[in-house]
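> Residue numbers (this note's numbering), protein chains in the order written: chain A, 1 to 606; chain B, 1 to 606; chain C, 1 to 295; chain D, 1 to 295.
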Amino acid sequence: MHRLSLKIVGAQGQGVNSVGEMCAKGLKRTGYCIFGYREYMSLIKGGHSSYQLDVSHEMIRSSARLVDIVVTFNHHGLEKNLRDLKPGGIMLHQTPRWKFKKSEDLAFIAEQKIQVIELPTEEILKKLKAKAILGNVLITAVVWALLGRKKEELEELVREQFGHKKDLLAMNLTCIAEGFATREVLAPTVTLSLPEPNPQWKDHLLLTGSQAMGLGIIHAGCRCFFGYPMTPASPLLTVIADLQNQSKMLVKQAEDEITAAQMMVGAMHMGTRACTATSGGGFDLMTETLSLSGITETPAVFILAQRPGPGTGLPTWTAQGDLHLAIGSGHGEYPRLVMAVSDSQDCFDLMPEAFNRAEEYQISVMVLTDKQIAEALFSQQPYDQEKAEVRRGKLVTNVEGLKALKSADRYAPEVSDGVSKRWLPGTDAATFCGQGDEHTSDGTSTEDGQVALAQMEKRMRKMEALRGVLPEPELFVVESGKSVVSRDEPRKVGSDDASVDVLVVGWGSTKGPVLDVLESYKLEAISHKQSIGYLHYTYLWPLRTERFVALAAKAKKIILIEGNLTGQLGAILKQETGITIEHKILKGDGRPFFFEELSSLIQKQL
Amino acid sequence: MHRLSLKIVGAQGQGVNSVGEMCAKGLKRTGYCIFGYREYMSLIKGGHSSYQLDVSHEMIRSSARLVDIVVTFNHHGLEKNLRDLKPGGIMLHQTPRWKFKKSEDLAFIAEQKIQVIELPTEEILKKLKAKAILGNVLITAVVWALLGRKKEELEELVREQFGHKKDLLAMNLTCIAEGFATREVLAPTVTLSLPEPNPQWKDHLLLTGSQAMGLGIIHAGCRCFFGYPMTPASPLLTVIADLQNQSKMLVKQAEDEITAAQMMVGAMHMGTRACTATSGGGFDLMTETLSLSGITETPAVFILAQRPGPGTGLPTWTAQGDLHLAIGSGHGEYPRLVMAVSDSQDCFDLMPEAFNRAEEYQISVMVLTDKQIAEALFSQQPYDQEKAEVRRGKLVTNVEGLKALKSADRYAPEVSDGVSKRWLPGTDAATFCGQGDEHTSDGTSTEDGQVALAQMEKRMRKMEALRGVLPEPELFVVESGKSVVSRDEPRKVGSDDASVDVLVVGWGSTKGPVLDVLESYKLEAISHKQSIGYLHYTYLWPLRTERFVALAAKAKKIILIEGNLTGQLGAILKQETGITIEHKILKGDGRPFFFEELSSLIQKQL
Amino acid sequence: MSIPLSTSGPKMQDYASPVPCTWCDGCGDYGIWGATQRALVGLGLHPWQVLMCYDVGCHGNGADKMSGYRFHGLHGRVIPLSAGAALANPRVPVIAFGGDGASFSEGVGHLVHAVRSNYQMTFVLHNNANYGLTTGQASALTAQGQKMNSSPNGIPEETLNSMDFVFSLQPTFVARAFSGNIPQLTEILKVAIKHRGFAFVDVLQACPTYNKFATHEMLLERCYDANKEGHDPADLAKARALATDTSARIATGILYQNEERPAFHERLVARQGMTTVPVDEVGIVDMSEYMKELV
Amino acid sequence: MSIPLSTSGPKMQDYASPVPCTWCDGCGDYGIWGATQRALVGLGLHPWQVLMCYDVGCHGNGADKMSGYRFHGLHGRVIPLSAGAALANPRVPVIAFGGDGASFSEGVGHLVHAVRSNYQMTFVLHNNANYGLTTGQASALTAQGQKMNSSPNGIPEETLNSMDFVFSLQPTFVARAFSGNIPQLTEILKVAIKHRGFAFVDVLQACPTYNKFATHEMLLERCYDANKEGHDPADLAKARALATDTSARIATGILYQNEERPAFHERLVARQGMTTVPVDEVGIVDMSEYMKELV
Ligand SMILES: Cc1ncc(C[n+]2csc(CCOP(=O)(O)OP(=O)(O)O)c2C)c(N)n1
Ligand SMILES: Cc1ncc(C[n+]2csc(CCOP(=O)(O)OP(=O)(O)O)c2C)c(N)n1
Ligand code: SF4
Ligand code: SF4
Ligand SMILES: [Mg+2]
Ligand SMILES: [Mg+2]
């Protein structure tokens with residue numbers, strides 16, 4: 001797969017994101033698949049940040065560690081990001097009269113044949129009497145020229161954005177022209193080689209995981225969102241809030257996470273669909289509510305956006321360190337469902353399912369995401385709107401059904417799947433108490449041991465029922481000469497799986513780089529041409545293990561890949577199956593897996 | 001072992017606890033071992049409650065399901081507690097002209113040869129012109145007479161209590177005399193047979209687990225206690241608060257659990273010893289702080305008193321359902337120590353260790369207890385005050401040490417056990433930042449991946465270091481004809497353990513009933529005379545597994561006993577060793593294991 | 001708030017529960033429990049038309065002692081739970097019951113923000129000035145110098161002046177009542193439940209078991225009906241003064257009411273003109289328009 | 001509070017840190033940061049003699065930008081953390097820094113109880129009237145009608161009157177300052193740090209990036225030094241009026257101070273007469289007397 005990587009770096013607030021977004025949009029429209037990745041620091045302005053775009057005419061889902069071009073807004077980038085360049089890479093900077101002084105840097109530039117290009121942005125803008133902000137267009141134009149793309153493509157973009165402001169548009173167009181001209185002067189022979197575009201990408205959406213999740217939430221019929229800002233969950237709050245005038249959703253920024261969670265549970269009890277989103281520390285505060293909704297059997301949806309902990313940790317970086325938290329937090333024993341998204345497709349598709357499962361099983365559903373997914377930019381096929389349905393399980397709303405209800409139906413323990421009927425305040429029926437104390441079937445508090453046990457067992461039966469209906473993890477197989485093949489239409493277990501020699505197991509945002517890496521192998525380059533399968537867990541608790549056990553039994557080697565230090569999925573797999581995964585690729589530095597990095601880590605294990 | 005069981009029942013506030021405590025004290029002073037158990041409801045007055053005393057001349061650590069006598073304060077007890085009686089048992093009640101009417105009750109009484117005795121308390125008190133409260137002494141006197149004990153023993157007790165109030169004392173003595181006389185009239189031939197007393201018990205302390213833990217905390221040099229009321233942790237708060245004028249401790253009832261936890265961490269950071277205590281729901285709220293102290297490496301001690309969840313659950317009953325909570329809660333990955341007390345000995349002995357480990361490893365220590373331990377009454381050998389020591393690990397306090405410090409010593413990652421130096425605000429040394437963000441060695445925030453990883457790994461190394469020094473679980477073995485023998489002086493691993501045929505595994509408050517049951521077997525009555533070992537886990541995370549693995553390999557059968565529904569210790573044992581424990585005795589009704597109940601459950605598995 | 005009236009009025013027995021009350025003799029919770037039922041019946045509301053939410057505490061033990069849709073949640077969290085419910089369906093009157101421990105300690109932040117947010121709901125404070133259910137610890141409203149469970153020397157903190165506090169938050173409805181005056185409390189609750197926005201009803205509640213400083217007798221003696229003495233609930237300054245100063249006598253009644261400020265859900269720009277409420281709106285939403293923006 | 005004076009006075013450079021500040025240009029946090037160091041030097045306190053605790057937020061990013069013992073904890077929790085530290089060793093002055101988001105939303109309960117508890121500590125509110133670090137969401141102190149991140153239509157809640165709120169809690173020290181007036185803030189902090197009990201210092205802080213309604217310029221124009229105009233901090237009624245009403249001008253300075261009420265730790269009956277503080281007392285305690293009671 002041909003991959004071109006652009007990295008725009010500079011101080012936060014300097015325009016890194018603007019240039020990144022403009023390039024991304026332009027390239028996608030031209031017919032490329034884009035994967036965008038942002039790095040920034042936990043402060044407002046001035047922190048060194050970057051926006052990286054990995055571009056291909058084929059599907060691309062990860063970032064490379066080394067890039068073809070670094071575009072830097074300030075001199076820090078010149079030094080800090082020099083070693084992000086591939087041999088022959090381009091350093092495009094804007095620092096007048098910059099000279100590398102460190103001998104290592106000079107040696108590196110010479111050895112790696114790095115091409116350093118100085119763009120006199122300030123000078124040009126002065127000449128054009130343009131405001132500083134127009135530097136972004138100028139830079140983009142230079143990059144565009146280096147990419148060998150047409151000026152018109154960029155012109156169309158700015159026309160779309162500034163069409164209604166004539167003067168501004170004119171100035172933008174001037175900057176584009178100037179950018180192309182400048183490139184001809186400064187670096188006429190330097191180019192970044194893109195493959196031929198593929199028109200299939202033109203109609204794709206370009207969105208972050210947070211945007212995708214926001215759309216998924218709205219699509220799912222969620223009508224109330226209770227949030228509290230916390231990176232990397234706040235972008236979702238912003239997305240949902242910004243869409244409220246369109247979606248007419250009720251959006252509340254609560255006074256804290258406990259409030260957000262309680263409001264969500266209150267709204268769910270009343271009968272709408274509601275959710276909340278937070279990160280680890282905020283989620284800790286929500287866990288008492290999580291436990292409450294376990295006993296009241298209130299549907300609930302919690303989005304848990306992971307970042308590295310403990311404590312405040314690395315607020316603007318990524319991790320997969322809160323799986324055990326999602327599974328083990330909240331006092332007492334009660335059923336719950338933990339699922340994890342891996343990309344913009346999941347972000348959309350899984351949201352209706354989260355609400356459906358929450359309502360069908362009257363449980364809390366935790367949807368794990370992470371900073372990487374929340375802020376990465378995906379090229380997404382327009383969503384299929386026919387797939388989702390609203391399933392509300394044993395919710396009674398019709399008049400006859402309501403009339404027939406007895407209070408004691410609410411928590412009737414005699415149900416084999418543990419799920420009893422549910423109906424809503426304000427409907428004309430026998431009333432009950434949604435009860436946080438241990439209770440009898442109509443929600444009366446009880447201290448009777450047998451009654452209590454029956455309720456406990458009733459609730460816990462939901463776990464077995466759920467385990468029975470949840471999909472097994474998805475298997476992606478690399479076959480000789482072929483791309484990654486998903487074995488999951490329809491998702492099935494066991495016997496018909498080709499046995500794989502090497503079984504790679506993972507979850508969450510690691511899926512992107514793993515698939516990119518496996519796809520790049522196509523088994524040609526791999527010694528012994530072993531077959532490799534990637535087993536991706538979307539549903540993490542309750543954990544289905546049949547497929548894993550079957551594959552593990554035949555695999556010569558199992559490799560666990562997780563963005564945490566202890567191998568949390570590995571631990572629960574062992575807890576459930578007794579199988580120890582000896583080979584682990586773990587990561588605890590707050591960064592996602594980069595393409596080459598992961599590729600070589602996997603290769604080492606093969 | 002000869003066991004006599006008395007159960008006093010009635011409405012909360014009627015005097016159940018007074019009579020129970022008086023009997024307990026009297027019997028212990030006379031030379032008996034007492035195990036007291038309270039049941040009551042989550043309301044203030046009127047709820048049906050009980051105080052059960054199991055009495056023996058030998059060590060006794062559990063309650064029987066069936067008792068020798070029920071003393072009831074009201075008519076509810078007559079019906080509700082009739083079936084708590086053994087064949088031939090006594091129902092002593094105070095309801096004038098009570099007649100059993102239900103045919104099942106009458107049949108039960110006849111078949112089981114229950115002796116029903118009506119004590120005309122009201123009438124007698126009227127005759128004596130005594131206040132209602134004196135009914136308690138009267139009843140106790142009757143019981144005392146039935147037990148065949150001497151009047152003087154009881155007289156001494158009331159003399160001790162009321163010696164300074166002459167009139168009251170006289171009236172108490174009159175009631176005792178009247179009680180003995182009444183018994184002669186009402187039931188001259190009815191007796192409760194006690195074995196010969198054993199003077200060894202006379203000097204024992206009679207205390208609840210909460211009292212024991214309070215003493216342990218004070219003994220450990222803990223100087224600040226930050227609490228918030230929540231059953232079953234509130235009795236500890238009450239104990240500590242009531243002792244404050246003696247201990248001079250700083251006791252603060254905080255505004256909520258988050259505050260209590262934060263204050264504790266603040267006080268620990270400043271350099272004193274502090275702790276907090278709560279139950280599951282309150283602990284949920286503390287978990288963000290738990291995670292924080294993971295990254296700031298602040299010593300912290302959390303007491304987690306378990307009751308059945310989820311939600312409010314059964315607030316005044318017992319459970320062992322929060323082990324996974326203690327291990328898995330709090331976002332991110334960080335080291336922690338989880339230990340569980342099992343009786344009044346542990347409650348005292350483990351507290352200094354909790355603080356020592358917290359300070360040595362600069363981690364949070366969670367001490368699990370439960371309602372059963374918190375409120376049970378134990379006969380406790382006076383504590384050995386020579387055992388405990390204060391170990392504060394790498395805390396630097398001496399002038400030269402302080403002078404030599406650099407800021408970067410605080411979180412220096414190059415330490416093999418993960419523990420770096422610590423020193424206190426207000427001491428004349430280089431200063432640092434106790435940092436909740438990921439940081440460099442002096443506590444400066446960092447966003448550098450390598451620095452972050454080094455700190456993560458540093459902290460996680462504490463787990464391995466800790467695992468190396470924590471004791472293995474204790475093994476108790478039943479040998480032919482002998483009582484339970486502990487194999488643990490000194491605590492050692494593996495090879496020298498006699499292999500046992502049946503390995504019973506458990507933790508926490510189940511230890512008492514398990515030992516009582518095993519002791520009762522002495523292998524005589526058991527088919528095939530298998531040897532049985534009880535492996536008791538005090539230290540639960542990190543989990544030592546060498547001894548378990550060695551014993552499991554040789555055992556013909558392994559039985560897991562836990563007061564929860566999912567087998568939480570079993571799950572972590574499997575996660576760590578891959579060994580599945582097939583046979584499980586689990587309990588989720590809020591009650592502790594009763595002696596006969598557990599005995600027959602174990603027997604069934606043998 | 002406009003409450004739909006049902007054709008056949010409910011009766012007291014519709015609110016009856018087979019579960020007997022478990023409060024101590026003389027507990028003020030009986031009075032609040034009785035007045036609540038009367039008020040609901042008086043408003044013509046059937047049990048199925050209301051949602052009552054309970055905090056944890058002695059008062060919360062009332063959750064299963066009457067009919068109606070109810071929810072018994074966590075200690076200190078009844079306000080946000082109720083607010084969430086009320087936002088989801090403002091057509092159903094939501095009444096929250098909470099203790100002083102819950103409302104001025106564990107959950108005081110929720111009270112602060114509910115007042116300033118003016119959610120459409122009623123909050124009934126069971127103010128017994130202590131933590132009843134956990135057996136008599138001090139709350140922020142416990143008087144100085146009282147020996148309490150876990151405070152054997154009395155509390156070292158200042159007692160919080162709850163009314164000054166609530167008035168600092170710009171409430172739209174403040175009433176004070178006494179658990180021993182059921183008729184007055186009933187009338188207050190009727191107005192509170194119909195109030196547009198957040199109605200704060202502080203009920204001074206006798207707790208003979210643990211509160212020895214503000215007893216039924218003391219309250220009976222010192223409480224008076226300010227409305228009867230001519231107090232106009234529209235007069236904010238007077239209301240605040242009356243509410244705050246309880247040194248001589250204790251003013252009860254509807255101390256302050258202002259229905260000009262819209263309730264929270266009415267202030268949401270995005271939902272102006274909506275005729276449905278969120279519970280009506282659950283269904284798959286077409287995303288075509290949203291997707292267009294992202295191509 | 002009596003602070004032990006050291007023989008050789010500290011200098012400004014003792015507080016210097018090699019870590020450069022990361023606030024936006026024109027951020028009021030610079031002023032507070034500078035004034036804090038000046039105040040400490042002015043009081044003769046060496047970096048090792050104080051503990052500074054930081055909440056999470058833009059202001060909290062200052063935790064590693066100066067010397068001294070410091071602790072950087074969780075969002076909304078700086079007050080109880082600091083109070084715990086101060087209780088453990090009241091000899092070390094403890095200064096807590098927190099944002100308005102932290103103090104009036106997530107952690108508002110702690111503020112309430114710290115004021116009524118009168119812990120021996122200083123609390124410096126970085127009041128930029130928004131959530132800075134999470135990129136400009138509204139806080140409870142954000143003005144009406146402002147479009148903020150996640151509130152594109154402005155906030156639907158009422159803005160909280162923070163001073164009326166704090167005064168309702170019977171504070172013993174209330175000051176207001178402006179981040180643009182470093183000399184005045186320095187003097188205020190010096191008095192606050194020495195105050196007996198909980199000193200609440202509200203610093204109106206410019207946030208050019210997200211706060212467009214209470215800008216540096218606007219504050220510069222409207223703030224005046226009330227003490228210079230003769231306001232006596234002992235006058236509670238006047239102090240409250242000055243603090244609460246900011247419609248025309250904004251009174252700054254030490255608005256209220258009362259040192260007659262003992263600090264929390266001084267009010268503890270059990271610890272009367274103790275000459276040690278809890279950090280001095282860690283050691284095994286003989287339990288013989290306690291055990292005697294239990295035989
Ligand atoms: C998180 C949490 N902390 C503590 C408790 C224990 N608890 C139950 S009720 C209560 C307080 C009761 O006081 P109040 O709210 O005044 O109600 P009252 O019983 O006086 O009516 C407490 C602390 C709990 N259930 N949950
Ligand atoms: C429990 C928790 N929730 C949310 C956050 C995210 N967060 C970080 S700072 C902050 C608020 C910042 O506002 P403020 O306290 O006013 O400080 P400022 O940045 O304005 O100085 C929030 C919500 C967090 N760190 N922890
Ligand atoms: S303790 Fe007080 S509040 Fe609780 S039920 Fe008894 S009297 Fe009522
Ligand atoms: S966002 Fe505001 S408060 Fe934060 S650093 Fe920038 S100016 Fe200061
Ligand atoms: Mg109360
Ligand atoms: Mg702020």
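Every residue, glycine too, gets a C-beta built ideally from N, C-alpha and C.
Bear in mind that the values here come from a model prediction, so they are computed numbers and not experimental data.
Under 8 angstroms from any heavy atom of ligand 4, does the C-beta of residue 394 (chain A) make it?
Here residue 394 (chain A) corresponds to residue number 394 of the first sequence, with the count starting at 1. No, Cβ of residue 394 (chain A) sits at least 8 angstroms from all heavy atoms of ligand 4.
> Tell me the start and end of each unbroken alpha helix (DSSP H) in the segment 235-317 of chain A that is at least 4 residues and wholly inside, in chain order.
Segments of the alpha helix (DSSP H) lying fully in the segment 235-317 of chain A: 244-247, 257-270, 280-296.
> List the residues of chain D whose Cβ lies closer than 7 angstroms to the Cβ of residue 215 (chain B), in chain order.
Here the question's residue 215 (chain B) lines up with position 215 in the second sequence. Those within 7 angstroms of residue 215 (chain B) in chain D are 287, 290.
> Could you tell me whether any Cβ in chain A is nearer than 9 angstroms to the Cβ of residue 564 (chain B)?
Sequence index remark: in the second sequence, residue 564 (chain B) carries index 564 (1-based). Chain A contact via Cβ: present.
> Can you give me the start and stop residues for the alpha helix (DSSP H) that residue 266 (chain C) sits inside?
Translated into positions along the third sequence, residue 266 (chain C) becomes position 266. 264-267 is the span of the alpha helix (DSSP H), which, as asked, contains residue 266 (chain C).
> Is it buried or exposed for residue 346 (chain D), if we count other Cβ within 10 angstroms and need 16 for buried?
Absent from the structure is residue 346 (chain D), since the part of chain D shown begins at 1 and ends at 295.
> Can you give the Cα-Cα distance for residue 362 (chain B) and residue 219 (chain A), rounded to whole angstroms?
Along the second sequence, read from residue 1 onward, the residue named residue 362 (chain B) stands at position 362. Along the first sequence, read from residue 1 onward, the residue named residue 219 (chain A) stands at position 219. Residue 362 (chain B) and residue 219 (chain A): Cα-Cα distance of roughly 48 angstroms.
> Tell me the residue span of the beta strand (DSSP E) that contains residue 23 (chain B).
Mapped onto the second sequence, residue 23 (chain B) falls at position 23. No beta strand (DSSP E) contains residue 23 (chain B), which is instead part of the alpha helix (DSSP H) from 16-30.
> To the nearest angstrom, how far is it from the Cα of residue 406 (chain B) to the Cα of residue 450 (chain B)?
As a first step, residue 406 (chain B) must be located in the second sequence, where it is residue number 406. As a first step, residue 450 (chain B) must be located in the second sequence, where it is residue number 450. Taking the straight line joining both Cα atoms gives about 22 angstroms.
> Give the straight-line distance between the Cα atoms of residue 196 (chain A) and residue 57 (chain A), rounded to the nearest whole angstrom.
One-based indexing of the first sequence puts residue 196 (chain A) at position 196. One-based indexing of the first sequence puts residue 57 (chain A) at position 57. Each residue's Cα considered, the two are about 7 angstroms apart.
> In chain A, which residues lie less than 7 angstroms from residue 137 (chain D) when you measure between Cβ atoms?
Within the fourth sequence, the letter at position 137 stands for residue 137 (chain D). Residues of chain A passing the Cβ test: 229, 253.
> What residue range is occupied by the uninterrupted beta strand (DSSP E) comprising residue 533 (chain A)?
By one-based count along the first sequence, residue 533 (chain A) stands at place 533. It spans 532-537 - the beta strand (DSSP E) in which residue 533 (chain A) sits, taken as one unbroken run.
> Residue 152 (chain C) touches chain B at which residues, Cβ-Cβ below 8 angstroms?
In the third sequence, the residue the question calls residue 152 (chain C) occupies position 152. Simply 241, 242, 244, 245.
> Measuring from the CB of residue 574 (chain B), is there a heavy atom of ligand 3 at a distance below 8 angstroms?
Indexing the second sequence from 1 puts residue 574 (chain B) at position 574. Every heavy atom of ligand 3 is 8 angstroms or more from the Cβ of residue 574 (chain B), so no.
> Using a Cβ-Cβ cutoff of less than 7 angstroms, which residues in the same chain neighbour residue 271 (chain B) once the five nearest sequence positions on both sides are dropped?
The sequence position of residue 271 (chain B) within the second sequence is 271, counting from 1. Taken in chain order, the residues that qualify are 424.
> Using a Cβ-based criterion (distance less than 8 angstroms to any ligand heavy atom), does residue 245 (chain D) qualify as near ligand 3?
Counted from its first residue, the fourth sequence places residue 245 (chain D) at position 245. For ligand 3, not one heavy atom lies less than 8 angstroms from the Cβ of residue 245 (chain D).
> Taking the alpha-carbon of residue 84 (chain B) as reference, which of B:102, B:52, B:249, B:33 has the nearest alpha-carbon?
Counting from one through the second sequence, the residue named residue 84 (chain B) turns up at place 84. Nearest C-alpha to residue 84 (chain B): B:52.
> Grouping DSSP H, G and I as helix and E and B as strand, with all else coil, what is residue 287 (chain C)?
Taking the first residue of the third sequence as position 1, residue 287 (chain C) is located at position 287. It is coil, neither helix nor strand.
> So, residue 383 (chain A) versus residue 215 (chain A), is the Cβ gap smaller than 9 angstroms?
One-based indexing of the first sequence puts residue 383 (chain A) at position 383. One-based indexing of the first sequence puts residue 215 (chain A) at position 215. Yes, they are a contact pair.
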